[in-house]
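First up is the structure itself, then whatever we jot down about it.
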Amino acid sequence: MIAIIDYGVGNLFSLSSSLSYLGLENKITRDAKDIIAADRIILPGVGAFGDAIEKLRQTGLIDTIKAEVAKGKPMLGICLGMQLLFDKSYEYGEHEGLGLIHGEVCDLNKDLTTGLKVPEMGWNSLNFVKDHPILKYVKNGDYVYYVHSYYAKNCDESLVAYSEYEVKVPGVVSSGSVVGTQFHPEKSGAVGLAMLKAFAEM
Amino acid sequence: MITKRIIPCLDVRNGRVVKGVNFEGIQDVASPVDMARFYNESGADELVFYDITASVEGRALFTDILKEVAKEIFIPLTVGGGINSLEDFDRVLKCGADKVSVNSGAIRNPGLIKEAAQKYGDQCVVLSMDVKRVDGQFRVFSKGGREDTGMDALEWAEFGVKNGAGEIVVNSIDTDGVKGGFDIEMLEAIASRVNVPIIASGGAGNMEHFLELFQHPQIDAGLAASIFHFKEVDIKELKQYLRDNGVEMRI
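Going line by line, the protein sequences match chains X and Y.
Residue numbers are given in our numbering: position 47 of the first sequence equals residue 47, and the series is strictly consecutive.
Heads up, our numbering is the position in the second sequence plus 1000, with the first residue counted as 1.
The following block contains the structure:
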């Protein structure tokens, strides 16, 4: 069973539906028992970093998540859920993240100079940097769907794949059993589904 | 790099697609679920569902259909039509919509844009506007393009984005249905005032019109209904044609 952590941010209908469509048992939950019982964990998220990490803290699940990950349980962070995996974020102030992946989350707008729009909204292609089990069924150059205004920086050691948006936007990052995708696999058509399938086999 | 997007729009009344005809390989051309499946397989980058139902029963049918679609189509889904309150946002988001498009509802209550953006995020709020030239001005029309609101479209776009609209759909009443090409002049005028994605609607008649549209870097997406429904333009062929002509496309 895949535990989708419900901490009150974002819409989990599509994520849950995409896993069910793949025949993967999943449960939207905020119960530590489910997270311990699960084979894998997904940390979703939409919205602002500060608000999200605070809500996640309020669930009291952070220690459980960290303990499960330390045992090697695969975890996938999606979009803001991926950003939460990092050490810190500079979205409206400075906020500490989960520290499961080294790096920080910064304002995309500040680093763009050619007038590209923020949020980056739409389909962008992935450039693979290194091999990873989550890329098992997809190929270099495949398109995925992004919606974000902040992006990860200083995370070269965990970088698996990136997309070009004037700057290199980390699309897939990973450290140990933890993976993060800045894009939404549950909205990235067949490519996204293939990545969720690969995550379930990790 | 980020791609330009091709977006078919499905008008749904009482649970059925309006204007869906002549599709090979689809058993039920008026079924929104079958149509969504077809467009997804053709390579549509997003889908827009427009609820043109007036009745309460029709509205319930619409959300049931939306749920059915969201259970098997995993690309962005935008829902519009009859969105007047946060409850309406909630109702469609719970059924699998990713973005919600407001039009007349925001004209009646401009505060709705901000309330929704604060609650669901900017990326969720699409401001859709029907625009027509009146006395040398781009004027916003309401009620499906029937009523001149007297509002300036450029100012309305600016207001919308300032209040949290994350995308703008510009439907030109002047070019809509004419099939002579998108209203580039109007689109450029609005795009020059805001820095969020602009989705062009109204006027597409052939593949060349999309190529012409995407020569303008500030335009992010092209939306159309009947030319896709009537198969005058095939999305798969269109995307290949655009890519062959140097436009970044997801294929």
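Don't be surprised by glycine CBs; every beta carbon is placed ideally from N, CA and C.
Residue i, buried or exposed, once every other Cβ within 10 Å from all chains shown has been counted against 16
{"i": "LYS1143 of chain Y", "result": "exposed"}
{"i": "ALA1106 of chain Y", "result": "buried"}
{"i": "GLY101 of chain X", "result": "This sequence places Ile at residue 101 of chain X; Gly is not what is there. Buried, by the Cβ-count rule."}
{"i": "THR1003 of chain Y", "result": "buried"}
{"i": "GLU91 of chain X", "result": "buried"}
{"i": "THR114 of chain X", "result": "exposed"}
{"i": "ILE1251 of chain Y", "result": "exposed"}
{"i": "GLN1118 of chain Y", "result": "exposed"}
{"i": "PRO1032 of chain Y", "result": "buried"}
{"i": "GLU96 of chain X", "result": "exposed"}
{"i": "GLY103 of chain X", "result": "buried"}
{"i": "LEU61 of chain X", "result": "buried"}
{"i": "GLN1215 of chain Y", "result": "exposed"}
{"i": "LYS1266 of chain Y", "result": "The structure shown has nothing for residue 1266 of chain Y, since chain Y only spans 1001 to 1251."}
{"i": "GLU164 of chain X", "result": "exposed"}
{"i": "PRO74 of chain X", "result": "buried"}
{"i": "ASN26 of chain X", "result": "buried"}
{"i": "ASP131 of chain X", "result": "exposed"}
{"i": "ASN1171 of chain Y", "result": "buried"}
{"i": "ARG40 of chain X", "result": "buried"}
{"i": "PRO1217 of chain Y", "result": "exposed"}
Option nearest residue i by Cα separation, candidates the options
{"i": "ALA70 of chain X", "options": "X:SER188, X:SER175, X:LEU19 and X:LEU193", "result": "X:SER175"}
{"i": "PHE1210 of chain Y", "options": "Y:VAL1196, Y:VAL1194 and Y:PHE1228", "result": "Y:PHE1228"}
{"i": "LEU98 of chain X", "options": "X:GLU120, X:GLY10, X:TYR145 and X:PHE49", "result": "X:PHE49"}
{"i": "TYR143 of chain X", "options": "X:GLU166, X:TRP123, X:LEU80 and X:LEU43", "result": "X:TRP123"}
{"i": "PHE1038 of chain Y", "options": "Y:LYS1236, Y:ALA1165 and Y:LEU1093", "result": "Y:LYS1236"}
{"i": "ALA152 of chain X", "options": "X:LEU135, X:VAL138, X:VAL172 and X:TYR145", "result": "X:VAL172"}
{"i": "PRO44 of chain X", "options": "X:TYR21, X:ILE2 and X:GLU120", "result": "X:ILE2"}
{"i": "GLN58 of chain X", "options": "X:ASN140, X:THR181 and X:ILE5", "result": "X:ILE5"}
{"i": "ARG1016 of chain Y", "options": "Y:PRO1008, Y:LEU1047, Y:MET1001 and Y:ILE1065", "result": "Y:ILE1065"}
{"i": "ARG1059 of chain Y", "options": "Y:PHE1074, Y:ASP1098, Y:ASP1011 and Y:GLU1046", "result": "Y:ASP1011"}
{"i": "LEU963 of chain Y", "options": "Y:ASP1034, Y:GLU1068, Y:THR1063 and Y:THR1078", "result": "Because residue 963 of chain Y is not part of the residues shown, which for chain Y are 1001 to 1251, the question remains open."}
{"i": "CYS1009 of chain Y", "options": "Y:LYS1071, Y:SER1128, Y:GLU1072 and Y:GLN1218", "result": "Y:SER1128"}
{"i": "PRO1197 of chain Y", "options": "Y:ARG1243, Y:LYS1239, Y:VAL1178 and Y:ASP1122", "result": "Y:ASP1122"}
Opposing strand residues paired with residue i [DSSP bridges]
{"i": "VAL1125 of chain Y", "result": "Y:VAL1100"}
{"i": "ILE1199 of chain Y", "result": "Y:VAL1169 and Y:ALA1221"}
{"i": "LEU76 of chain X", "result": "X:ILE42 and X:VAL179"}
{"i": "ASN124 of chain X", "result": "X:VAL144 and Y:ILE1002"}
{"i": "CYS106 of chain X", "result": "X:TYR151"}
{"i": "GLY1080 of chain Y", "result": "Y:TYR1050 and Y:SER1101"}
{"i": "ASP1148 of chain Y", "result": "Y:PHE1141"}
{"i": "THR29 of chain X", "result": "X:ILE5"}
{"i": "ASP1244 of chain Y", "result": "Partner(s): none; ASP1244 of chain Y has no beta bridge."}
Euclidean distance between Cα positions of residue i and residue j
{"i": "LEU76 of chain X", "j": "ASP1135 of chain Y", "result": "55 Å"}
{"i": "LEU24 of chain X", "j": "SER1192 of chain Y", "result": "46 Å"}
{"i": "LYS66 of chain X", "j": "VAL1056 of chain Y", "result": "47 Å"}
{"i": "ALA38 of chain X", "j": "MET82 of chain X", "result": "19 Å"}
{"i": "PRO133 of chain X", "j": "MET202 of chain X", "result": "6 Å"}
{"i": "LEU1061 of chain Y", "j": "SER1101 of chain Y", "result": "19 Å"}
{"i": "GLU1087 of chain Y", "j": "GLY1246 of chain Y", "result": "43 Å"}
{"i": "LYS117 of chain X", "j": "TYR1120 of chain Y", "result": "20 Å"}
{"i": "LEU12 of chain X", "j": "GLN1137 of chain Y", "result": "43 Å"}
{"i": "SER89 of chain X", "j": "LEU56 of chain X", "result": "15 Å"}
{"i": "ALA1044 of chain Y", "j": "PRO1076 of chain Y", "result": "10 Å"}
{"i": "ASP1234 of chain Y", "j": "ILE1083 of chain Y", "result": "30 Å"}
{"i": "PRO185 of chain X", "j": "LEU193 of chain X", "result": "6 Å"}
{"i": "PHE1023 of chain Y", "j": "LYS187 of chain X", "result": "For PHE1023 of chain Y, the pLDDT reaches just 49, beneath the cut-off of 50, and the residue's location in the model is therefore unreliable, although a value from the coordinates is still provided. So the alpha carbons of these two residues sit roughly 26 Å apart."}
{"i": "ARG1108 of chain Y", "j": "LYS110 of chain X", "result": "35 Å"}
{"i": "TYR1241 of chain Y", "j": "ASP63 of chain X", "result": "52 Å"}
{"i": "MET1001 of chain Y", "j": "VAL178 of chain X", "result": "26 Å"}
{"i": "LEU80 of chain X", "j": "ASP1183 of chain Y", "result": "36 Å"}
{"i": "SER18 of chain X", "j": "ILE42 of chain X", "result": "13 Å"}
C-beta neighbour in chain X for residue i, strict 8 Å
{"i": "VAL1126 of chain Y", "result": "no"}
{"i": "ASP1098 of chain Y", "result": "yes"}
{"i": "PRO1032 of chain Y", "result": "no"}
{"i": "PHE1074 of chain Y", "result": "yes"}
{"i": "LEU1010 of chain Y", "result": "no"}
{"i": "ASN1195 of chain Y", "result": "yes"}
{"i": "THR1063 of chain Y", "result": "no"}
{"i": "LEU1154 of chain Y", "result": "no"}
{"i": "ASP1220 of chain Y", "result": "yes"}
{"i": "LEU1093 of chain Y", "result": "yes"}
{"i": "GLU1158 of chain Y", "result": "no"}
is_contact[residue i, chain Y] using C-beta, thresh 8 Å
{"i": "ASN127 of chain X", "result": "no"}
{"i": "LEU43 of chain X", "result": "no"}
{"i": "ASN11 of chain X", "result": "yes"}
{"i": "GLY50 of chain X", "result": "no"}
{"i": "PRO170 of chain X", "result": "no"}
{"i": "VAL147 of chain X", "result": "yes"}
beta-carbon residue i near the ligand ATP non-hydrogen atom, thresh 7 Å
{"i": "LYS27 of chain X", "result": "Among the ligands in the structure shown, none appear at all, so the ligand ATP cannot be discussed."}
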